[in-house]
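K.L.:
Submitted below is the structure of interest, expressed as structure tokens.
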Amino acid sequence: MAHKYIDNYREKGARKRLVEVLRKKGIEDERVLEAIGKIPRHYFFDETFWVQAYKDIAFPIGEGQTISQPYTVAYQTELLHIQKGDKVLEIGTGSGYQTCVLMELGAKVYTIERQEKLYDRAKWVLSAKMGYKANFFLGDGSIGIAAHAPYDKIIVTAGAPTVPDVLLKQLKVGGIIVIPVGNEDAQKMVTVLKTGDNDYEKIVLGTFRFVPLVGDRAW
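The opening residue of the sequence shown carries number 512 in this note's numbering; numbering runs sequentially from there.
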């Protein structure tokens, strides 16, 4: 039954339609769109909810967390300007879907998740089921992973009250961090370019709603 369901989705071009939705909503980076078009997003859902997998919506994945809306994933990824070989720190592994998009673009990903059940499932889906080789960590993402710094890019997939200084310190000069900043109800997407050891350029963009970033340097 599951095999027929997957084939049915392929026949209907579900991934292709999702890509076209994202393109119409303003995603312009063809590399990002191509990566999203390759990924079987239903792998990140319980089989019961596969029918939701290729809709442009966020969806609960347990532990009070969600798999982000594909548009949000594409938007954040586009802002990172990923180049093949970039060393990327992802704060909030969640389902692992964003991790997968980054790796499809050729990034070397270090991803950290604080919820053990989500960490275990994402690691199994990406590593055992899909064959991706990300570097998975269980812990407080708000303090980053200093042992493997510096990073070319940092992406935060939960809403923070501020941009944590500790993350900025783990970014290379010339690197970019993309992070939603605001209160627990809504955040502005913020990009920060590190132009010198202690110099930064910040751009504040549109409004989004993420689950809260929890940790020592967050909520």
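We put the CB at the ideal spot given by N, CA and C, even for glycine.
Can you list, in chain order, the residues of its chain whose CB lies under 7 Å from that of Gly463, leaving out five sequence neighbours each side?
P.N.:
With the chain running from 512 to 730 in the structure shown, residue 463 is simply not present.
K.L.:
Which residues share a DSSP beta bridge with Asp710?
P.N.:
As a first step, residue 710 is located in the sequence shown; it is residue number 199 there, counting from the start. Looking at the DSSP assignment, Asp710 forms a beta bridge with Gly707.
K.L.:
What first and last residue would you give for the beta strand (DSSP E) that runs through Pro667?
P.N.:
For the purposes of this step, residue 667 is taken as residue 156 along the sequence shown, with counting starting at 1. Residue 667 is actually Val in this sequence, not Pro. Per DSSP, Val667 belongs to the beta strand (DSSP E) from 662 to 667.
K.L.:
For Thr702, write down the residues that DSSP places opposite it in a beta bridge.
P.N.:
On the sequence shown, position 191 is the one that residue 702 refers to. Note: Thr702 sits in a beta bridge opposite Val689, Ile714.
K.L.:
Could you compute how far the alpha carbon of Gln626 sits from the alpha carbon of Gln594?
P.N.:
For this step, residue 626 is matched to residue 115 along the sequence shown. For this step, residue 594 is matched to residue 83 along the sequence shown. Their Cα atoms are separated by approximately 29 Å.
K.L.:
For Gln576, which residues does DSSP report across the bridge?
P.N.:
As a first step, residue 576 is located in the sequence shown; it is residue number 65 there, counting from the start. The partner list for Gln576 (beta bridge, DSSP) reads Gly573.
K.L.:
Can you tell me whether Leu600 is helix, strand or coil according to DSSP?
P.N.:
As a working note, residue 600 is residue 89 in the sequence shown. Correct three-state label for Leu600: strand.
K.L.:
Do the region 604 to 618 and the region 546 to 558 touch if we need at least three Cβ pairs shorter than 8 Å?
P.N.:
Touching, per the Cβ criterion.
K.L.:
Got a sec? Which residues, its chain only, sit under 6 Å from Asp663 by beta carbon, not counting five neighbours each side?
P.N.:
Position 152 of the sequence shown, counting from 1, holds the residue named residue 663. Closer than 6 Å at Cβ, skipping near neighbours: Asp597, Lys598, Lys683, Gly686.
K.L.:
What is the rounded straight-line gap between the Cα of Phe560 and the Cα of Phe570?
P.N.:
In the sequence shown, residue 560 corresponds to position 49, counting from 1. In the sequence shown, residue 570 corresponds to position 59, counting from 1. Their Cα atoms are separated by approximately 9 Å.
K.L.:
In chain order, what residues of the same chain have a beta carbon less than 8 Å from the beta carbon of Gly617, not counting five sequence neighbours either side?
P.N.:
Numbered from 1 along the sequence shown, position 106 holds the residue referred to as residue 617. So the qualifying residues of the chain are Ile593, Gln594, Lys595, Gly596, Asp597.
K.L.:
Start and end of the beta strand (DSSP E) containing Tyr582?
P.N.:
Along the sequence shown, one-based indexing puts residue 582 at 71. Note, Tyr582: premise wrong, no beta strand (DSSP E); alpha helix (DSSP H) at 581 to 591.
K.L.:
Among residues of its own chain, excluding the 5 on either side of Ala660, which ones have a beta-carbon nearer than 6 Å to its beta-carbon?
P.N.:
Along the sequence shown, one-based indexing puts residue 660 at 149. Cβ within range, chain order: Gln681.
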